[in-house]
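The structure under discussion appears below in the form of structure tokens.
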Amino acid sequence: MHGVLQEIKNICSILVHKKLVYNRSDEVGIVLFGTKETCNELAKELGGYKHVTVAHEIKVVDEGTSQALQNLPAGSVPGKVLDAIVVGLDMMIRKFGNTKGKRRLCLITSAQHSLRDPPEGTKEDQVDTIADQMKRHDIKMECIVFREPGVHHGAVMEENDRLLYQFRNRSVAKVVQVDSPTSLLGALKTRNVLPVTVFRGDLEVSSNLRIKVWVYKKTAEEKFPTLKKYSDKAPPSDKFASHEVKVDYEYKSIVEPDKVVPPDQRIKGYLYGPQVVPISSAEWEAVKFKPEKGVKLLGFTDRSSILRHHFMKDVCLFIPEPGNTKATLAVSAIARAMHQMNKVAIVRCVWRQGQGNVAFGVLTPNISSVNNVQDSFYFNVLPFAEDIREFQFRSFSSLPLSSQPTEEQQEAADNLVKMLDLAPPEREILKPEFTPNPMLERFYSYLDLKAKQPDANVPPLERCLKRITEPDPDIIDQQTPFIQNLGKAFELKENPKKKKGRTQDRLAYTAGDQSKSAAEPSVEKDGILAVLYPPTENIGEIRDLNPVQDFEAMLAKRSSSTWVQKAFEEMQKYTTALLENSRDGDNYHKALECFAALRKACIIEQEPDEFNQFLTKTYERLKNGDVANFFQLLSSKNISLISKEEAPDSDVTEEMARSFYLKQEAASQ
Amino acid sequence: MFTPAFFQANEKQETHFHTIVNCITQSMKTQIIGRSYDEVAICFFNTKEKKNLQDLAGVYVYNVGDRDPLDRPTAKLIKDFSCIEDSFMDNIGSRYGITAGSRENTLYNALWVAQALLRKGYTVSKRILIFTNEDNPFGAITGAVKTDMIRTTVQRAKVLLAFLQDAQDLGLSIELLPLSRPDEEFNMSLFYADLIGLDGDEITEYLPSAGEKLEDMTDQLRKRIMKKRRVKTLSFAITNDVCIEVNTYALVRPTTPGTITWLDSLSNIPLKTERSFICNDTGALLQDPQMRFQMYNDTVVKFSVRELSEVKRVSSHHLRLLGFKPLDCLKDYHNLRPSTFIYPSDEHIFGSTRVFVALHSSMLRLGRFALAFYGNPTRPQLVALVAQTNKPKMGGVLQKIIMQIHLYKMTHICLYSGQVESPGMHMIYLPYSDDIRYPEEVHLTSDDAPRATDEQIKKASNLLKRIDLKDFSVSHFANPGLQRHYGILEALALGEDEMPDIKDETLPDEKGLARPGVVKAIDEFKASVYGENYDQEEAEAASAKASHGDAAKKRKAITDAASLKSAAYDWAELADNGKDMTVVELKSYLTAHDLPVSGKKEALISRILTHLGK
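Those sequence lines, one after another, are chains R and V. Residue 588 in numbering that gives the first Met the number 0 is what sits at position 589 of the first sequence, and the numbering runs on without skipping anything. Residue 518 in numbering that gives the first Met the number 0 is what sits at position 519 of the second sequence, and the numbering runs on without skipping anything.
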């Protein structure tokens, strides 16, 4: 247990940090047990309860709470779990009595020392008494039992486990067992969200058979906190300055850029081909799709007809209406039948009245392994026909022989897959259920650090968080021969044609870093990426001030492929406008830059047609106009069509690209 | 392109001409939503009037407004074209095939015009579709003139194909959509087989497939077609020494109704948005602020944007392999977002594909998925890489997305050779411990939770067998909300009077559920779980609840109390002394009259005044 004190400190600190951000009025107390000293109210009043120390009385979270966690003493005396629970419980009851509120006890223990016998009755009776108290005061307990892998489970441990599970069976506690520091960090819920139902009502199998269910979220992404923009305009003397920034949006007509259009004069429009169709919200309300609230079953189908990668969103859980025995039985019967027959149910859900669309998805059975938990269904959203994109890829068997692995290579891969096993029997490593989010862990500890030292640098990732982002060096060491075999069996080399310039520009691969250390090139890479595509806030349009940068920012926003297309379009529009509005070549320099940027991006994106077409079109249209000499400038800067050599998708030969301006001139004469 | 024959010969309800106009209209309606950047031109041949740049006889290029002949379709084009039938004979008219006397080969001319139209556009795929019901365009003439005409026309088509291929087009095809006359079948071998270059068995197979094509064009799902484009190129570190290159693609993503453009409701001119940052304390206008802050322990903690992005960068690699797990470790609730598809690429690192293929086949054979860490700069995440074979898609029938119009230009081609799931790996984003909740443990009972008996499970199994969706595939279900959106948009754009009626495919099959076998299975299950008299009990309970349910009672009591209380005030004078009353007092009136009690004080007052009729 002493080995993971650091992790215990970390996980408890994160809990406190999150409370300091999200739940400022929560109260926290800390009890240590197995300490040499004894310090608790019960010991003073009643005697006994030795070696239990109240490190921090229950009070509203503040600096002191996290301070109390800083120096956790390594205990020297066998810890008595039940004593600690009683002391904690007693503190809570004393402090809050019967006032309303959410209360929980979190117990982190290795539960490996024998417990003292209670003065009267058995230990089991004592557990029952404690459980009754907890129930009466509506206190829930979370037990996290940490044991190093390979620890021998003696009779004492088994007894302790049994007692802890007895709490669970009395429905007052949840018990989890973890065996690595990383999963210990993930075992404690550091931020409790009050569960709210998504839907309460009937699961309609037919008009005649309705099962009452409640639907909750099973997974929901815990987001990175949204930080507010900071304004330093307030005078330093102003102690009550909010430092907030208000973001104001104004809608202005394109024709009269000085006139602000009031919100009630705005109307939404959707693109229909090249034109925009205006639709007022009242009109829209009258005709839009309005499904009736309800969850309807379409039918059952084989599990194999549902593809795992079609699951679209976070997952919901359908539980039978609490307290409704009939509904519980119905869900249980159907879930178990589905499980036996390997079937799933297809349902259509409208959670709320007035919802604009339906959720279409699949119910899969969740057979409970714990006696006092009901059977339930998981619900996953499936895509609609419109959501599936039919891209074609070559099947691997049709690839040329040079891309097919030899028998020897295949064996090396097989061995790697067998050896890098993260789920040996009974001991799955990196279970999502016990894997903390390294980014958030790091943020909250950095936040705490910054509160104390405003100019602190970002701390490196902690050792046990590294286990999540990188393979465990211990495993790697054990399996070295297989890993080396893989390296030897396959030959990887950089494409020499692509080696210079844009390979590094665009991807900044760590590919060539076989010999170098892993971290180093990526720093470099990110540097290059940051220079090439600097993060810009105002992504989405190309402005006069710095068109090339805006364009690159749009390209960098790769969250959706539409951005690339949009960036190209915007750039073309902008460049065309530049040329058309050019007087005596004043915009030439800028336009030249834009052409160059567009050309480069089109090569990077492997969209040579996009540029070639644009260049041809522009040239055709403007070659005889005022700006004809611009093309001489382009030609002199070697900005011509993108040739096959530069982008394989291009159908332009180098020769054609070189003679582009000449040929066109000849043709026009 | 039609011969006039079927205007006279075909007196049926629906003429061939009508069928084709309908087909092209529908097809354009789908195209304008699915791929509105594709361009289209419509051209009639064998017409009385002529309208084309080359001034060739018998060819009429149809167009509206200031659109180029070959351009993106517009609402006006679709609208006008859909009612062309009424004015066709007056404005364009048609001739009786190619006659010996005229010496005009209109088909030849049409191909010539087509070539000129398709000159536009560079390296795109182009497609010509010919609709006709005349299998023997040169039937009216004989002798040397006929052979000569056939020869030159076929030659023309060949030249056309060659010309376009020369000009680096991605692909060009001429396709024929023949319509049979009522009394005889369309005879391909008379002329058109030569034109489109078919021989032998292909000819006999061509006719039925052409018929299908016509049907497909008329009855298509409105679906926005995405161009195949990789999302990112990632380096995938398998071990410290082996780092390969993979491309990621978004194969499944929710489709949204499309971007909203704000317009000025008076002039319908688009608006542009301007964003400004205002300091809350001083009201000063700021340039885009680069510092962020978070309230922590009641103090302001500042971060620079750079620091935040550094916090988020927890991994040195794009994608780092951690190990492998059996597939059953991937639970149904291990999901957060749509998956991403990865496919190897040798573009920058030779040998990547080979490593990937080897790994892929090992994983498939051993039933494992790879656990990897994806160092995405916005949300670094654990991912499961699940190998996917290129097995045929479940359910087979997929929406055929074939779009063909007379002279037709596409910016890309979709090939539908054998509908299969693509080979590669699917990257499934796994939740972290903080993302997983335990709602099943919220309502714990002290006793064991009830479990179904074997008898009940048997009845349920029977139910499952009865309500079975054969050949289920997600591609059978269109998004009713989205289809309705497209329908409304189309109706508004084309000025149609009636709103379209979109069939909701996600509703259960009521008829199927009413089949006696199904009803029996449901009843048996219900009896076994809920007991025989459940409906009756339920009805009684419901009626009992309705008459003197607790909640109803409580609500009534509150309303009564409120009306008593509100009676104590003189509401008529509210307008004068409203400001002096408390919110609680105001709410008592609202509750008594069953009005919403939300909002600020002013809102409450104005609501009461409205109710009083002032």
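Glycine included, each C-beta is placed from N, C-alpha and C at the ideal position.
I'd like the list of long-range same chain contacts for residue i, defined as Cβ closer than 7 angstroms, with 5 residues on each side in sequence excluded.
i: V:L55; result: K49, N108, W111 and V112
i: V:L116; result: A40, P68, L69 and L406
So with Cβ pairs under 9 angstroms, would you call residue i a contact of chain R?
i: V:N62; result: no
i: V:E84; result: no
i: V:R118; result: no
i: V:K600; result: no
i: V:Q455; result: yes
i: V:S474; result: yes
i: V:R364; result: yes
Using a Cβ-Cβ cut-off of 9 angstroms, state whether residue i counts as contacting chain V.
i: R:E469; result: yes
i: R:D301; result: yes
i: R:W283; result: yes
i: R:L202; result: no
i: R:E490; result: yes
i: R:F550; result: no
Looking only at its own chain, which residues have a Cβ that is under 8 angstroms from the Cβ of residue i, when we skip the five neighbours before and after it?
i: R:T37; result: Y48, K49, H50, V51 and T52
i: V:G374; result: R312, V313, S314, S315, H316, H317, L318 and R319
i: R:E291; result: V349 and Q352
Could you work out which residue in the options is closest to residue i when comparing CA atoms only?
i: R:I84; options: R:F629, R:V30 and R:N341; result: R:V30
i: R:V349; options: R:V294, R:K492, R:F317 and R:I475; result: R:V294
i: R:F567; options: R:D583, R:N580, R:D237 and R:I603; result: R:I603
i: R:V361; options: R:N370, R:R209, R:F317 and R:S396; result: R:F317
i: R:S65; options: R:V27, R:I474, R:D124 and R:L632; result: R:V27
i: R:K18; options: R:N70, R:I129, R:V192 and R:V3; result: R:V192
i: R:D420; options: V:Q455, V:I427 and V:A369; result: V:A369
i: V:D387; options: R:S394, R:F383 and R:E385; result: Correcting the residue identity first, residue 387 of chain V is Gln in this sequence and not Asp. Among R:S394, R:F383 and R:E385, the Cα nearest to that of V:Q387 is on R:S394.
List, in order along the chain, the chain R residues whose C-beta lies closer than 7 angstroms to that of residue i?
i: V:K227; result: F390
i: V:D447; result: N370 and N371
i: V:V313; result: P437, M438, R441, L460 and T468
i: V:R367; result: V416
List the residues of chain R that residue i touches, going by C-beta distances under 8 angstroms, in chain order.
i: V:S26; result: Within 8 angstroms Cβ-Cβ: nothing; V:S26 doesn't reach chain R, min ~14 angstroms.
i: V:K301; result: Y229, K449 and P453
i: V:I435; result: K217, T218, P431 and E432
i: V:R353; result: S401, S402, Q403, P404, Q408 and F489
i: V:E309; result: V457
i: V:V382; result: Correct list: empty, because the minimum Cβ distance to chain R is about 11 angstroms.
Give me the chain V residues within the contact set of residue i, using Cβ-Cβ distance strictly less than 8 angstroms, ordered along the chain.
i: R:N207; result: V518, I521, D522 and K525
i: R:H242; result: N279, D280, F292 and V299
i: R:T324; result: P449
Residues in the same chain with beta-carbon distance under 6 angstroms from residue i, minus the five sequence neighbours each way, listed in chain order, please.
i: R:T363; result: V343 and Y377
i: R:C11; result: L68
i: R:L71; result: L4 and K8
i: V:R34; result: I224
Report the CB separation of residue i from residue j in whole angstroms; it is logged as a contact under 8 angstroms.
i: R:Q274; j: V:A74; result: 6 angstroms
i: V:T505; j: R:L270; result: Contact doesn't hold; Cβ gap of about 26 angstroms is too wide.
i: R:L408; j: V:R353; result: The residue asked about is misnamed: residue 408 of chain R is Gln in this sequence, not Leu. Between V:R353 and R:Q408 the Cβ distance is about 7 angstroms, and since that is below 8 angstroms, they are a contact.
Run down chain V in chain order and give the residues with a C-beta less than 9 angstroms from the C-beta of residue i.
i: R:I278; result: I487, L488 and L491
i: R:Q264; result: D263, S264 and L265
i: R:I602; result: By Cβ distance, chain V contributes nothing, its closest Cβ being about 12 angstroms from R:I602, past 9 angstroms.
For residue i, which residues in chain V fall below 7 angstroms Cβ to Cβ?
i: R:R190; result: D433
i: R:A336; result: I456, A459, S460 and L463
i: R:G486; result: T238, D240 and V241
i: R:R657; result: Here the premise fails: no neighbours, minimum Cβ distance about 16 angstroms.
i: R:L542; result: Here residue 542 of chain R is Arg; the residue named in the question, Leu, does not match the sequence. Residues of chain V passing the Cβ test: none, with the nearest at roughly 11 angstroms.
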